[in-house]
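Be aware that the sequence shown starts at 471, since it is given in the working numbering, and climbs by one per residue.
All remarks here apply to the structure that follows.
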Amino acid sequence: MTATGDFKVTLLGTGVPIPSHDRFGPATLIEAGDQKLLIDAGRGASIRLNQLRVPMGRIDALLLTHYHSDHTSGIPDVWLTGWLQSHFGTRTKPFRVIGPIGAKVLMENLERAYALDIKIRIADEKLPPEGVAVEVEEFDRDGVVYERNGVRVIAFEVDHGDVIKPAYGYRIEYAGRAAVISGDTRYNANVIKYGTGADLLVHEVAAARPELMQEAYIQRIVAHHVTPSEAGRVFAQAKPKLAAFTHFVMLASEHISAPSLDDVLAETRQTYDGPLQFGEDLMAFEIGDTVAVRRHKR
Ligand SMILES: [Zn+2]
Ligand SMILES: [Zn+2]
471 MTATGDFKVT
481 LLGTGVPIPS
491 HDRFGPATLI
501 EAGDQKLLID
511 AGRGASIRLN
521 QLRVPMGRID
531 ALLLTHYHSD
541 HTSGIPDVWL
551 TGWLQSHFGT
561 RTKPFRVIGP
571 IGAKVLMENL
581 ERAYALDIKI
591 RIADEKLPPE
601 GVAVEVEEFD
611 RDGVVYERNG
621 VRVIAFEVDH
631 GDVIKPAYGY
641 RIEYAGRAAV
651 ISGDTRYNAN
661 VIKYGTGADL
671 LVHEVAAARP
681 ELMQEAYIQR
691 IVAHHVTPSE
701 AGRVFAQAKP
711 KLAAFTHFVM
721 LASEHISAPS
731 LDDVLAETRQ
741 TYDGPLQFGE
751 DLMAFEIGDT
761 VAVRRHKR
């Protein structure tokens, strides 16, 4: 049995590389039992965690989907600011990172880049060296990548384009319920396989107005993602209790505006007529007998 609020997914950032003030970089907080997991750490993940009063040091593990910078640029902030003694930091145990091949190189080089800060704070602020240590685990195939206190995380490969590899999504299981995060992907059968029967399926989406779709560079971007009607096909087959969109790749040019969310909704409805929620930053999904949607009070 899950108590109310015992299993919760919060979208910290629903944006993309666009430096938007209302859609921060990709990051999702999973709270299940006593575990707190962060999936990706895009721009501003630390700010969103602080808005939720979740100390960065309280994150049990960071799970990475792939290595596009919009998904990783917040890592040094969560890692290093999370080490500070203040209430928003407080990490005294190693920073645990789990990701596909590439996580070790990324974290080793961040440790090198910030070596002087680390040395200074140990000497000056007497911060515990264990709290800034990094523990990285890499994987190279579908399977369980995290299991603790009743929480199980399964990584599954997705298709973000021929050269954007590795790229993975995650299925989080707790107390007989499941939340699935697509990661960045084009239409992919593995998302349907792992998303089938999920309580919550959070999927990325990309769209451009038909006039803009004529442009080769726009076609290239859209080919790395799903269109709303393709996402609808995924939802229609996986049949989650609730489907939700995040990672809004809403393309525009100087003369052609981005499609509206109503446009995205209309296109999704061509292929899917089930429960659907448009994500926004700090929107939370409480997973129980039903999936309740909570907007953050600002
Ligand atoms: Zn992305
Ligand atoms: Zn990407």
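All C-beta atoms in this analysis are idealised placements derived from N, C-alpha and C, irrespective of residue type, glycine included.
Sorting Y687, A515, Q740, V633 by C-alpha distance to the C-alpha of A722 places Y687 at the top. Take the alpha-carbon of G552 and the one of I500: they are about 17 Å apart.
A straight line joining the alpha-carbon of V606 with that of P564 spans about 10 Å. In the structure shown, P598 adopts coil according to DSSP, grouped into three states. Runs of the alpha helix (DSSP H) spanning 4 or more residues and lying entirely within the stretch 660 to 700 occur at 686 to 692, in chain order. Assignment of E578 by DSSP, reduced to helix, strand and coil, places it in the helix class. Between G613 and V628, the C-beta gap is not smaller than 8 Å, which leaves the two residues out of contact.
P525 has its CB no nearer than 7 Å to any heavy atom of ligand 1. By a beta-carbon distance limit of 8 Å, R561 contacts M526. Their separation comes to about 7 Å. Under the Cβ criterion (8 Å, minimum of three pairs), the stretch 618 to 638 does not count as touching the stretch 515 to 523.
With the criterion CB distance below 6 Å from any heavy atom of ligand 1, the matching residues run V486, P496, H538, D540, H541, D654, H717 along the chain. Counting along the chain, no alpha helix (DSSP H) covers P570; the unbroken beta strand (DSSP E) around it starts and ends at 565 to 570.
Per the coordinates, the alpha-carbon of M683 lies some 11 Å from the alpha-carbon of T697.
A residue is called buried once 16 or more other Cβ atoms fall within 10 Å of its Cβ, and E674 is buried on that count. Using a cutoff of 7 Å, the CB of H536 counts as near ligand 2, since one of the ligand's heavy atoms is closer than that. When the five nearest sequence neighbours on each side are left out, the beta carbons in the same chain lying within less than 6 Å of the beta carbon of T666 are those of A708, in order along the chain. Burial is judged here by how many other beta carbons sit within 10 angstroms of a residue's own beta carbon; N619 has fewer than 16 and is exposed. In this chain, T484 is not harboured by any beta strand (DSSP E), its DSSP state being neither H nor E.
In the assembly as shown, D587 is an exposed residue. Its beta-carbon has fewer than 16 other beta-carbons within 10 Å. When rounded, the separation of the alpha-carbon atoms in G559 and K574 is 23 Å. By the beta-carbon neighbour count (other beta carbons within 10 angstroms, threshold 16), K478 is buried. Cα atoms of S556 and D594: separation of roughly 15 Å, rounded to the nearest angstrom. Taken in chain order, the complete alpha helix (DSSP H) segments of 4 or more residues contained in the stretch 530 to 569 are 545 to 551. Taking E617 as reference, the option from D669, E643, V763 with the minimal CA-CA separation is E643. Taking 8 Å as the cut-off, the Cβ atoms of V672 and A714 count as close. Shown here, L522 sits in coil according to DSSP, grouped into three states, outside any helix or strand. Counting along the chain, L735 sits inside no beta strand (DSSP E); it lies in the alpha helix (DSSP H) bounded by residues 731 to 738.
I488 sits away from T498, with the two beta carbons spaced by 8 Å or more.
Between D632 and I571, the C-beta spacing is not below 8 Å.
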